[in-house]
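Each remark here refers to the structure printed beneath this line.
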Amino acid sequence: MATTTAAQKRAAAKVEYDAFVARCPSRELLDRIADKWVVLVLAALRSDCAGEPRPLRYSELSRTLAGVSQKMLTQTLRALERDGLITRTVTPTVPVTVTYELTGLGLSLHQTVQGVKAWAETHMDAVLANRDYYDGRTA
Numbered sequence: 001m002a003t004t005t006a007a008q009k010r011a012a013a014k015v016e017y018d019a020f021v022a023r024c025p026s027r028e029l030l031d032r033i034a035d036k037w038v039v040l041v042l043a044a045l046r047s048d049c050a051g052e053p054r055p056l057r058y059s060e061l062s063r064t065l066a067g068v069s070q071k072m073l074t075q076t077l078r079a080l081e082r083d084g085l086i087t088r089t090v091t092p093t094v095p096v097t098v099t100y101e102l103t104g105l106g107l108s109l110h111q112t113v114q115g116v117k118a119w120a121e122t123h124m125d126a127v128l129a130n131r132d133y134y135d136g137r138t139a
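Counting from 1, position 103 in the sequence shown corresponds to residue 103 in full-length UniProt numbering; the numbering is continuous, with no gaps.
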């Protein structure tokens, strides 16, 4: 009986990725990248004037993302690092400096995420009007 390596198993599974299938692992990834804090963290890490990626310290991210709790930001950053979308760099200073930056994989997702963020900001008035209309009809 021939043994299959982990890389071979991943390659075979990749051919079969289909998010419409209940047990597909891509659903977990979709769940991750559809999270509002993930979208905002990824957008914040590429938000300088020229649109270039820039590393941010934890405190800068916390200030930029109004309303995020320390626990939620920490969990989000750890999940993004685990998925390979960001890197965490620790610089031995006093106090220690920790920065986060998009990886190549994170950069490849950034344009899509930025588009969703921009769409939400652009169409919020229309969505609010539709909610009011809907709520008025169903009341």
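A virtual CB, placed ideally from N, CA and C, is assigned to each residue, including glycine.
### Message
Per the DSSP calculation, residue 90 is bridged to which residue(s)?
### Response
In the DSSP assignment, residue 90 forms a beta bridge with 98.
### Task
Report yes or no: do three or more beta-carbon pairs, one from the region 71-81 and one from the region 24-40, lie closer than 8 angstroms?
Taking 8 angstroms as the limit for Cβ pairs, the verdict is that the region 24-40 does touch the region 71-81.
### Task
Quickly, what does DSSP pair residue 57 with across the bridge? List them, please.
99
### Query
What separation, rounded to the nearest whole angstrom, lies between the Cα atoms of residue 137 and residue 113?
33 angstroms
### Task
Could you tell me the boundaries of the alpha helix (DSSP H) in which residue 128 lies?
104-138
### Task
Would you please state the rounded distance, in angstroms, between the beta carbons of residue 57 and residue 98? I believe it to be under 8 angstroms.
7 angstroms
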